[in-house]
Amino acid sequence: MPPEPTIAPNLHRLKLVGIIALVLAGLIAAIGIAARVLDQRSLAHWTDDQSIPSVSLAALQRGGKTDFLTLPGVVQPYTRAAIYARVDGYLKKWIVDIGAHVKAGQVLALIDTPDLDQQFEQARADLATARANERLAALTARRWIALLPSNSVSQQSADEKAGDEAAKKTIVAAAQAKLSQLAAMESFKTIVAPFDGIVTARKTDVGALINAGRSSGQELFEVSDLTRVRIYVQVPQAFSAEIRPGAKATFQLPQYPGRQFDASVVTLSHALETGSRSMLVELQAANADGLLPAGAYCQVRFETAHEANAVRVPATALVPVDRGVQVAVLGADDKVMFRSVQLGRDFGDTVEIVAGILPSDRVIDSPPEALHDGEKVNVAAPHASSNKEN
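Okay, so the sequence shown: first residue is -18 according to the numbering used here, each after it adds one.
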């Protein structure tokens, strides 16, 4: 009878395989648990990092001893006259056109005035009649006065003749005044230049109906003296105290890029317009070469005094509060500190701060509304602060 197979070695081998499998399973489970713990820690750190707000820093500017203020202006002639007719009629002829250089008293146009001419001739005839009547009254008065000693006429009659002579003299004076008036009106048939200048507008033509006066008639010509020009600028109220008569300025015109012209402040209106809160300032500039046209737009640059400790910040960095304005500043540990500041001049996109911060401070641009004092933040951009000399 053959011997039975041995079972003990096989059982021992199976137990060893099972133990190894359990150990491997335990290692795999331990590795999975460790990986999950690491992921959870990383997620916690990421969540903490995301809870810290990111901010960007504002670019600060600090001026030098002087600042420059640039404002739009309008160039106007030193003297300008809109010329209207003083008599009714029709334009007979115009002598000069736009762009012509004229002298004072030079003829610009002629007006045909048939109605006025007839009135003038009638007034001349009326004066001749009045003088004839006055001479007759004077002769009659002398004759009656000569007859008084012989009692040929009464004193009353002589006095009446003398009074008639005086009345006739008055009529002559009135007729003379009327004729002089019409003679002056006749002189207005000739339109002349009031001063040396340039004809900058001609608004009539031959045969056009001419009405006298500004209310009923139209402008015929415009003469401008452009040897010197006036420049008008509206200066905001915040800068009006820094503009004084005699101050120097420069200006540029679009048609002359890169070229600067010199001007000086002549006078100020000393009154602010209620709508814009700005003051009208007049400057003057020489224009001997005629490069500055009337009505031209220009950019005027004023030199203004600079506040010694003033710093310019973007207007977006300001935080309005109940008692004024604050800015958010970062400390050395990147924690937020809100500081109250004193504002100076408003330049539109930037605002001058005269007290409350230093040029070396890190100011947050557009701080989030939820940001609070002492909160730690991340700086999203490199430090953009700069102390620039204007």
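Glycine residues also receive a C-beta, built at the ideal position from the N, C-alpha and C atoms.
From the options, residue whose alpha carbon lies closest to that of residue i
i, options, result
"S221", "M260, H353, D243", "M260"
"K316", "A351, K357, R209", "K357"
"A336", "L5, G329, G325", "G325"
"A119", "A143, A106, N132, A109", "A143"
"R209", "D243, G194, E223", "D243"
"V262", "A277, R240, V302, V214", "V214"
"P340", "A109, T248, L38", "L38"
"V294", "L8, A313, R343, F176", "R343"
"A62", "G256, T94, I172, D314", "I172"
"Q57", "A189, I338, G305, Y278", "Y278"
"D102", "S197, K159, R124", "Residue identity check: residue 102 is Glu in the sequence provided, not Asp. If we check each option's Cα against that of E102, K159 comes out closest."
"D145", "A154, L117, A106, Q136", "L117"
"E115", "L128, I14, A156", "A156"
"A313", "A154, I152, V360, A147", "V360"
Same chain, Cβ closer than 8 Å to residue i, neighbours up to 5 away in sequence not counted
i, result
"P349", "P34, V36"
"L97", "V68, D69, G70, L163, M166, E167, K170"
"H251", "M260"
"I126", "A139, K142, A143"
"T297", "A39, D346, S347"
"D78", "V180, R183"
"F49", "R282, F283, E284, T285, N371"
"G188", "Y71, L72"
Contact with chain D by residue i, beta-carbon distance below 8 Å
i, result
"S196", "Annotation note: the requested chain D is absent from the structure, which comprises a single protein chain."
Sequence-distant residues of its chain with Cβ nearer than 6 Å to residue i (five each side left out)
i, result
"R17", "none"
"N368", "Bear in mind that the predicted position of N368 carries a pLDDT of just 45, short of 50, making it unreliable; the figure below should be weighed with that in mind. Same-chain partners within the cutoff: R43, P340."
"T121", "K142"
"A228", "V246"
"V55", "Y213"
Residues bridged to residue i [DSSP beta-bridge criterion]
i, result
"W75", "A90"
"G70", "I191"
"Q162", "Its beta-bridge partners do not exist; DSSP assigns none."
"L38", "I345"
"S205", "R61, I179"
"G54", "V214, C279"
"D186", "Note: D186 sits in no beta bridge, so no partner."
"K357", "K316"
"I334", "V292, L324"
Chain-order list of residues whose beta-carbon lies under 7 Å from that of residue i (same chain, five-residue window excluded)
i, result
"A219", "R326, D327"
"A174", "V83, K84, A85, G86, Q87, L89, V204"
"Q307", "V300, F319, R320, S321, V322"
"L91", "K73, K74, K170, T171"
"G329", "none"
Neighbour-count burial assignment, residue i, 16 or more Cβ in a 10 Å radius
i, result
"K(-4)", "exposed"
"N268", "buried"
"L108", "buried"
"R195", "exposed"
"I64", "buried"
Any non-hydrogen atom of the ligand MN closer than 7 Å to residue i Cβ
i, result
"R326", "Of the ligands one can find in the structure shown there are none, so the ligand MN has no counterpart to examine."
What runs of the beta strand (DSSP E), each 3 residues or longer, lie entirely inside the region 216 to 248? With a minimum length of 3 residues, the continuous beta strand (DSSP E) runs that stay inside the region 216 to 248 are 229 to 233.
Length-filtered (4 minimum) alpha helix (DSSP H) runs lying within the region 97 to 157: Positions of the alpha helix (DSSP H) runs, each at least 4 residues long and wholly inside the region 97 to 157, cannot be given because no such run exists.
Taking the runs of the beta strand (DSSP E) that are 3 residues or longer, which of them lie wholly in the region 247 to 326?
Taken in chain order, the complete beta strand (DSSP E) segments of 3 residues or longer contained in the region 247 to 326 are 259 to 267, 278 to 286, 292 to 295, 300 to 302, 305 to 311.
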